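Below: the structure, in structure tokens.
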Amino acid sequence: MKDKLEEIRATALGAIGRAESLDALEQARVEFLGRKGGLTDVLRGLRDVSPEERPALGKLANEVKDAIANALDECKAALEGKEAEKRAQKDRVDLSLPGRKPALGHQHPISTVTEELLDIFLELGFQVATGPDVETEYYNFDSLNTPADHPARDSHDTFFVKPGVVLRTHTSPVQMRVMEQTHPPVAVVVPGRVYRVDLDASHSPMFWQVEGLLVDRGITFADLKGTLMLFVHRFFGADVKVRFRPHFFPFTEPSAEVDISCSVCKGKGCRVCKYQGWLEILGCGMVHPEVFRYANYDYETYTGYAFGMGVDRIAMLRHAISSIGHLYENDLRFLEQF
Amino acid sequence: MRISLNWLREFIDIDIDVDTLAHKMTMLGIEIEAIERPWQGITGVYVGEIRSIEPHPNADKLVVCKTDVGRDQPLQIVCGATNMKVGDRVPTSVVGAKLVGGFEIAARKMRGVPSEGMMCAADELGLGEDHSGLMILDPSIPIGTDCIPLLGLDDVVFDVEITPNRGDCASMIGVARELSALLGVPYRVPEVRITETSEPATQFSSVTIEAPDLCPRYIGRVLPSVRVRRSPAWMCQRLIAAGQRPISNVVDITNYVLLETGHPLHAFDYGLLEENRVVVRRARAGEVIITIDGDSHPLSPEMLVIADAVRPVAVAGIMGGKESEVGEETSRIFLESACFDPVSIRRSSRALGLQTEASAHFQRGADVDMCLYACNRAAALMQELADGVVAAGLLDEHPRPPVRKTVQLRYDRANLLLGADIPAHTQRGYIQSLGFDVVEASETACTFRAPTWRHDVSQEADLIEDVARLYGYDKIAATLPSISQVEQVFAPFEARVRRLRALLVGAGLTEMMHWTFSQAADVRKSELPDAYLDMVALANPLSENLSTMRSSLIPGLLDNVTRNLHRGNGSIRAFEIGPVYKPRADKDLPDETLRIAVVLTGAAASPHWASEQRSVDFYDLKGIMEVIADHVGAVAAYQPLEMGPFQTGQSASVVVDGRELASMGLVKSTVLKAYDIEQPVYVLDADLQALLALNPAAKQFEEIPQYPPSLRDIAVLVDNDVPAGALCEAARDAAGKILRSVDIFDVYTGKQVPEGKKSVALSLVFQSPERTLTDQNTQKAWDKILHKLETEFNATLR
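Chains as they are written, first to last, in this note's numbering: chain C, 1 to 338; chain P, 339 to 1136.
So this is what it looks like as structure tokens:
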């Protein structure tokens, strides 16, 4: 009987070793460990063995059973590994095929840039204010210290709706609308469409501005410089150079225009900056006393600064857009690039 | 304005290089937009004396000259000009020289005779258009002198922007004055020396001002004799550098003095003035003038004119009249130097459509003192360059002496506003250096009297700006203010519009932004109801198709679809957010409402190798509407719509709280045809402002059910026109609270479904928050649902 057990062990391990598939292995399991299998037969025969021999044989039988079971498990694991590998081989993906990308649309560069500009000022503590596109001459000009017959009106080629009503030529009228509604402190940024009678490769009759107004006690020109330098460095990059150059706006005094070093040629001079190395990006200044007078703010108590910039120009600079026309034609081949 | 650096040096000594000077001017507020060297590249031109002129052996129209340019031998030059004589000194280009346009001088034979250079006419050196003969130079200039510096061909020209408030800077003297203050170097004006005749000007003419409100000063000078001819080279060079065309000495002198002083002058042909006198008056109704540009202008009584005894001879301060214009025959001059009211000039100039150098200067305000200097300067130049004889004395009418404004500067205030610490004496020095006089000074403040040319100065802030300019904007520190905010919110919807935009981009739509202009024809083309014809019209539109503000976003988007389809962009999934405009009878300003429009056409998604392509349909559009409604928290009902651009049966009115806040659907075929579109287009147009104003309460959390749901389906046959949504509602009604959700998972017509019927399959989820439902519970509810569907919709179970 002992011999028989050893023989079963040898045959079984041999058969398991030769099994090349899970099916063959299962067959081996049934053959040696199944209810009608060889080992079961032997174990049944234990009943007929003498009580003296039974413990030793029983032990051996269990050893053989365990050995076969272990061999089966090991072999099964190995075969499963091989099968999984085969499957993985078959299921390999083509890395070059495009992914199933969620169908995202594209935001218009004007609104993207506007949002980014606003965010810088919102973080500093400004809030957004808006006003109407169709505006009274009073808000667009008179209350901004630009009375009728003021030469500065010439540079704003204005669309008229009727006497006293215009399409706003800048976002500055919102300054007065906000100041009329509240007492200082005032800290607003104003995005909006503005209009001028002008149409060529570099002018659109409708374009976008972002305006800023800060009024409180003790606001200085140095604060204006600090705020706008922070803005330029955040938006255009920390290595961009900034200069404030005297200029004229009827509603600020002192006034300045802000130039940044040309992003295209890094200040060396090129066609974009007209070989000056600088690009004008915004106008600003300290709120004019006359404007405070219109707003009923005490000029001696409060000071303030205001600034305004053209979103289109900034978007065009940033994205190297060749003509302002692209922004409003809305050709999908343009929009889908952003 | 163009500033010749050579010319500027006549008024102020400048010992810094061109780029530094340009930078300093820009930082002073005189922005240099470009630096030009108009004659750069011209070389090899020297003063030569013509030693001999011989006939050309082979050509009648040429001569052979020997010209001495200071070399060992005179140069033999074949020449076609006729205006020179032996002994004349002329600009002579030698072999290797380069002239205008890069034209290079080489030794060559001309009709068989060798020529080793060229004697130049003005145009060949870029000094005007004159090609009538050689430039004859002053005989005192040494032979061999380099013509490049001599004729100013080494000049540098700054193209500068003068801001509208600083008209006083729009001249050589004006720029020199500013630079003088900045550089701390005095400026000078050319000395005027006139030798007057014994005959007084009053004997020749008179000046009467009948409109003193519009003409504070009028100075006339009479030159009983002048000789009109070409201006000298140096004057031509400067005029050209400044962007002007030399004409003749008398006219050139008035232009030259304008550039120099900023004060416009006018020269009349004295002989053509009726009764030889001048009247400054308002135009009379019906009067007409032909200006020197040849145009005829009817005049009105608001306009100031210069008249002789009977008729207007100039539109004051804007343009002279043709009839009294100085020409080649002119021998006597009445020279005008006057000051006019800026507003009156501006209005007349606009009304007549005449913008001139003179009107530009007068609009920005003239300097009454410079008025006198300019008059004398011009008279002196006419004496020097036009053999002018100057009658004694001025005809100077000065009805309104100027008031020089006094303005106080508080030093602390300047430092407070600038955030700087500029000492009092420094501030005071800056203002004085700009020509202001001190009226009264204390330790803390100083009152100044503004110079006659500074019309822009009226208050302290103006002086503070001057302090800042001269101190240097770049020297002022950069600090960050602490920013306080008020409770009031000025743009309550801004953040939510922004989120909606991001949401729609995430949902696959591309944002568009069109001009907000439109026209009535767009409303008709898109078959919008007549109410949309009530539009805000522009008085001065760019063109007919941009003549109103839009009353709807739809026409703009349909135009865009046409454009994109024609360019081969066949699938469009886009939206636009922006205002529409509607006039209000009782208000000056129209109503501006924020709207959102969506357009879908072509494929529902970009093609993908693993997905099937399908075209967009109504339900794609409705899905977008559902996204928008969810975003704003609106509960929307969809009702059949029969309106304008939309196809009945495939369009809906979206009702929220009883209000129609959006319309949407397939665009009518007639509209598509009008827009030349040949594929289905779906459009949605919603009142975004009203949707955002719904502002629903915050969502309240509902406990997640503890007990398992029980899932059942039901599929029924109903008539085709039964809305599937009604079946869901009936199911909810019938089952009550334990029906947690009902969804339509299939709608089918076709095989196995009788004609006129459809199969609708609902998936039902039963669930109770209190207990596990038994089969009996669910079955009972299911039976109730079936019963309701049977009785209410004549449904049969499939």
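We put the CB at the ideal spot given by N, CA and C, even for glycine. Fair warning: this is a prediction, and the values are worked out from it, not measured in the lab.
Practice problem: Could you have a look at Glu135 (chain C) and say whether DSSP puts it in helix, strand or coil? | Solution: Taking the first sequence and counting its residues from 1, the one referred to as residue 135 (chain C) is at position 135. The answer is strand: DSSP assigns Glu135 (chain C) an E or B state.
Quiz item: So what does Thr817 (chain P) bridge to, in DSSP terms?
Solution: As a working mapping, residue 817 (chain P) is identified with position 479 in the second sequence. DSSP lists no partner for Thr817 (chain P).
Quiz item: Below 8 Å between beta carbons: does that hold for Ala815 (chain P) and Ala222 (chain C)?
Solution: As a first step, residue 815 (chain P) is located in the second sequence; it is residue number 477 there, counting from the start. As a first step, residue 222 (chain C) is located in the first sequence; it is residue number 222 there, counting from the start. Contact flag set, yes.
Quiz prompt | Per-residue burial, Asp860 (chain P) [other beta carbons within 10 Å of its own, 16 or more giving buried] | solution = One-based indexing of the second sequence puts residue 860 (chain P) at position 522. Asp860 (chain P) sits buried, since 16 or more C-beta atoms from the chains shown fall within 10 Å of its C-beta.
Quiz item: Name the chain B residues whose beta carbon is nearer than 8 Å to that of Ser323 (chain C)?
Solution: Looking for chain B here will not work: the only protein chains present are C and P.
Quiz item: Could one say the Cβ of Asn883 (chain P) lies closer than 8 Å to chain C's Cβ atoms, at least one of them?
Solution: Taking the first residue of the second sequence as 1, we reach residue 883 (chain P) at position 545. Closer than 8 Å: no.
Quiz item: Roughly how many angstroms separate the alpha carbons of Leu866 (chain P) and Ser172 (chain C), rounded to a whole number?
Solution: Numbered from its first residue, the second sequence carries residue 866 (chain P) at position 528. Numbered from its first residue, the first sequence carries residue 172 (chain C) at position 172. Whole-angstrom Cα-Cα distance: 35 Å.
Exercise. Kindly say whether Arg318 (chain C), judged by its beta-carbon, lies nearer than 8 Å to any beta-carbon of chain P.
Key: Here residue 318 (chain C) refers to the residue found at position 318 of the first sequence. No - not a single Cβ of chain P is within 8 Å of the one on Arg318 (chain C).
Quiz item: Can the beta-carbon of Ile821 (chain P) be found less than 8 Å from the beta-carbon of Leu124 (chain C)?
Solution: Walking along the second sequence from the start, residue 821 (chain P) turns up at place 483. Walking along the first sequence from the start, residue 124 (chain C) turns up at place 124. In contact: Ile821 (chain P) and Leu124 (chain C) (Cβ atoms closer than 8 Å).
Quiz prompt | Whole-angstrom distance between Leu43 (chain C) and Ala61 (chain C), CA atom to CA atom | solution = Against the first sequence, residue 61 (chain C) aligns to sequence position 61. Against the first sequence, residue 43 (chain C) aligns to sequence position 43. Taking the straight line joining both Cα atoms gives about 7 Å.
Quiz item: By DSSP, does Met229 (chain C) sit in helix, in strand, or in coil?
Solution: Here residue 229 (chain C) refers to the residue found at position 229 of the first sequence. It is helical.
Exercise. Report buried or exposed for Asn70 (chain C), applying the criterion of at least 16 other Cβ atoms within 10 angstroms of its Cβ.
Key: As a first step, residue 70 (chain C) must be located in the first sequence, where it is residue number 70. The residue is exposed, with fewer than 16 neighbouring Cβ atoms inside 10 Å.
Practice problem: Spell out the partners DSSP gives His635 (chain P) in its beta bridges. | Solution: Within the second sequence, the letter at position 297 stands for residue 635 (chain P). P:Ile627.
Self-check item: Ranges of the beta strand (DSSP E) found wholly within the segment 592-629 of chain P, counting only runs of at least 3
Solution: 603-607, 616-620 and 626-628
Exercise. Could you pull out every residue in the same chain whose Cβ sits closer than 6 Å to the Cβ of Trp278 (chain C), ignoring the five residues on either side in sequence?
Key: As a first step, residue 278 (chain C) must be located in the first sequence, where it is residue number 278. Here Trp278 (chain C) has Asp259 as same chain residues with Cβ atoms under 6 Å from its own Cβ, once five neighbours each way along the sequence are excluded.
Quiz item: Within the chosen definition, does the segment 551-571 of chain P reach the segment 668-684 of chain P through at least 3 CB pairs nearer than 8 Å?
Solution: yes
Quiz prompt | Helix, strand or coil at Ile532 (chain P) [DSSP, three-state] | solution = The residue given as residue 532 (chain P) occupies position 194 in the second sequence. When DSSP states are grouped into helix, strand and coil, Ile532 (chain P) belongs to the coil group.
Exercise. Measure from the C-beta of Ile962 (chain P) to each C-beta in chain C and report whether the shortest distance is under 8 Å.
Key: For the purposes of this step, residue 962 (chain P) is identified with residue 624 of the second sequence, where counting begins at 1. For Ile962 (chain P), the answer is no, since every Cβ of chain C falls outside 8 Å of its Cβ.
Practice problem: Kindly provide the ranges of any beta strand (DSSP E) runs that are 3 or more residues long and lie completely inside the segment 40-82 of chain C, ordered along the chain. | Solution: Listed in chain order, there is nothing to give.
Practice problem: Starting from Pro893 (chain P), trace the alpha helix (DSSP H) both ways and give me its first and last residue. | Solution: By 1-based counting over the second sequence, the position of residue 893 (chain P) is 555. From DSSP, the alpha helix (DSSP H) with Pro893 (chain P) extends over Ile892 to His904.
Quiz item: Using DSSP with H/G/I as helix, E/B as strand and the rest coil, what is Met176 (chain C)?
Solution: Walking along the first sequence from the start, residue 176 (chain C) turns up at place 176. The answer is helix: DSSP assigns Met176 (chain C) an H, G or I state.
Exercise. Can you give me the start and stop residues for the alpha helix (DSSP H) that Arg763 (chain P) sits inside?
Key: As a working note, residue 763 (chain P) is residue 425 in the second sequence. Note on residue identity: the sequence assigns His, not Arg, to residue 763 (chain P). Counting along the chain, the alpha helix (DSSP H) containing His763 (chain P) begins and ends at Ala762 to Ser771.
Quiz prompt | Cβ shell of Pro184 (chain C) (< 6 Å), same chain only, five flanking positions each side left out | solution = Reading the first sequence from its first residue, position 184 is the one you call residue 184 (chain C). Only Val215, Asp216 and Tyr302 meet the Cβ criterion.
Practice problem: Say whether the segment 476-494 of chain P touches the segment 403-410 of chain P, bearing in mind that this needs 3 or more beta-carbon pairs closer than 8 Å, one atom from each stretch. | Solution: yes
Quiz item: Which first and last residues belong to the beta strand (DSSP E) in which Ala788 (chain P) is found?
Solution: Along the second sequence, one-based indexing puts residue 788 (chain P) at 450. Premise fails: Ala788 (chain P) is in no beta strand (DSSP E) and is neither H nor E.
Practice problem: Name the one or two DSSP bridge partners that His203 (chain C) has. | Solution: Translated into positions along the first sequence, residue 203 (chain C) becomes position 203. In the DSSP output, where bridge partners are listed per residue, His203 (chain C) has C:Asp200.
Quiz item: Which whole-angstrom value is the C-beta distance of Gly308 (chain C) and Gln209 (chain C), which I expect to be below 8 Å?
Solution: Stepping through the first sequence from its first residue, residue 308 (chain C) is reached at position 308. Stepping through the first sequence from its first residue, residue 209 (chain C) is reached at position 209. With 8 Å as the limit, Gly308 (chain C) and Gln209 (chain C) qualify as a contact, their Cβ atoms being about 6 Å apart.
Practice problem: Check the Cβ of Leu640 (chain P) against every Cβ in chain C and list those closer than 9 Å, keeping chain order. | Solution: Taking the second sequence and counting its residues from 1, one reaches residue 640 (chain P) at position 302. The sequence shown places Glu at residue 640 (chain P), rather than the Leu named in the question. Those do not exist, as Glu640 (chain P) stays about 12 Å from chain C at its closest Cβ, beyond 9 Å.
Quiz prompt | Collapsed DSSP secondary structure at Thr420 (chain P) in the structure displayed | solution = Along the second sequence, one-based indexing puts residue 420 (chain P) at 82. In the structure shown, Thr420 (chain P) sits in coil (DSSP, three-state: anything other than H, G, I, E or B).
Self-check item: Ile324 (chain C) to Arg333 (chain C) span [Cα, whole Å]
Solution: Translated into positions along the first sequence, residue 324 (chain C) becomes position 324. Translated into positions along the first sequence, residue 333 (chain C) becomes position 333. Ile324 (chain C) and Arg333 (chain C) have their C-alpha atoms roughly 15 Å apart.
Exercise. Just tell me which of P:Gly455, P:Asp679 and P:Gly440 has its CA closest to the CA of Arg446 (chain P).
Key: As a working note, residue 446 (chain P) is residue 108 in the second sequence. The shortest C-alpha to C-alpha distance from Arg446 (chain P) to any of P:Gly455, P:Asp679 and P:Gly440 is the one to P:Gly455.
Quiz item: Would a check of beta-carbon distances place Gly379 (chain P) closer than 8 Å to chain C?
Solution: As a first step, residue 379 (chain P) is located in the second sequence; it is residue number 41 there, counting from the start. So, not an interface residue.
Self-check item: Contact with chain P by Thr301 (chain C), beta-carbon distance below 8 Å
Solution: By one-based count along the first sequence, residue 301 (chain C) stands at place 301. Chain P, which has no Cβ nearer than 8 Å to the Cβ of Thr301 (chain C), makes this no.
Quiz item: Rounded to a whole number of angstroms, what is the C-alpha to C-alpha distance between Ala652 (chain P) and Phe248 (chain C)?
Solution: Reading the second sequence from its first residue, position 314 is the one you call residue 652 (chain P). Reading the first sequence from its first residue, position 248 is the one you call residue 248 (chain C). For Ala652 (chain P) and Phe248 (chain C), the distance between alpha carbons rounds to 33 Å.
Quiz prompt | Cutoff 7 Å; reference Arg153 (chain C); Cβ partners in own chain excluding five residues on either side | solution = Locating residue 153 (chain C) in the first sequence gives position 153, where the first residue counts as 1. Around Arg153 (chain C): Phe141 and Thr146.
Self-check item: Pairwise C-alpha distance: Asp734 (chain P) and Ala717 (chain P)
Solution: The residue you call residue 717 (chain P) lines up with position 379 of the second sequence. The residue you call residue 734 (chain P) lines up with position 396 of the second sequence. Going from the Cα of Ala717 (chain P) to the Cα of Asp734 (chain P) covers about 14 Å.
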